[in-house]
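Start counting the sequence shown at 21; every next residue gets the next number (the numbering used here).
The beta-carbon is built from N, C-alpha and C at its ideal position, and this holds for glycine as well.
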Amino acid sequence: MDEPYFMRPGEGERIGEREHCVLVELPHIEALELSYGPDFEGVDPHTHADHTDSFYVLEGEVEFFQDDEWHRAGPGTFLSVPPDVEHGFRPCGSPFRLLNFHTPRTGFIDSLRSS
Numbered sequence: 021m022d023e024p025y026f027m028r029p030g031e032g033e034r035i036g037e038r039e040h041c042v043l044v045e046l047p048h049i050e051a052l053e054l055s056y057g058p059d060f061e062g063v064d065p066h067t068h069a070d071h072t073d074s075f076y077v078l079e080g081e082v083e084f085f086q087d088d089e090w091h092r093a094g095p096g097t098f099l100s101v102p103p104d105v106e107h108g109f110r111p112c113g114s115p116f117r118l119l120n121f122h123t124p125r126t127g128f129i130d131s132l133r134s135s
């Protein structure tokens, strides 16, 4: 059985130059805060076979690829992408911050640690 999980602001593990901050890493979910500058090239459209990938825009503007087109999104926008659906994201010319959730946990955080 899982234990309750509680974390205060600033307590997350920081990974890499792109400002990945681990918020939670449990068997059923992993969540990160992603912070990118305007020079970030984005994440090309791709799919995942084994998990749902969800995003919540905290600051700035970002474009999400879904349904074969790019959609501009600002703070408060939520996107949830089920397995096998093509998606990606890219900046709109200024810094932005996202929450990113993988359900269930995928090992993505482990791959960031080893890169």
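Problem - 6 Å CB neighbourhood of residue 60 in its chain, flanking five on each side removed - result: Cβ neighbours of residue 60 within its own chain (closer than 6 Å, five residues either side excluded): 111.
Problem - DSSP three-state assignment for residue 128, whether helix, strand or coil - result: helix
Exercise for the section: Count the other C-beta atoms from every protein chain shown that fall within 10 angstroms of the C-beta of residue 109, then say buried if there are 16 or more, exposed otherwise. Expected result: buried
Handout entry: Cβ-based neighbour list, residue 136, same chain, cut-off 6 Å, excluding 5 preceding and 5 following
Key = This structure does not reach residue 136, given that the chain is present from 21 up to 135, and the question cannot be answered.
Exercise for the section: May I ask which residues mark the beginning and end of the beta strand (DSSP E) holding residue 105? Expected result: First-last for residue 105: undefined, no H or E at that position.
Problem - Rounded separation between residue 81 and residue 104 - CA only - result: Spanning the two alpha carbons is a distance of roughly 25 Å.
Practice task
Just tell me which of 70, 64, 71 and 74 has its CA closest to the CA of residue 88.
Solution key: Checking every option, the nearest Cα to that of residue 88 belongs to 64.
Problem - Those residues which DSSP pairs with residue 224 across a bridge - result: Because the chain spans 21 through 135 in this model, residue 224 falls outside it and cannot be assessed.
Handout entry: Helix, strand or coil at residue 133 [DSSP, three-state]
Key = helix
Problem - CB of residue 117 within 9 Å of CB of residue 25, strictly - result: no
Problem - residue 93 burial status per 10 Å Cβ neighbour count (16 or more: buried) - result: Counting other Cβ atoms within 10 Å of its Cβ, residue 93 reaches 16 or more and is therefore classed as buried.
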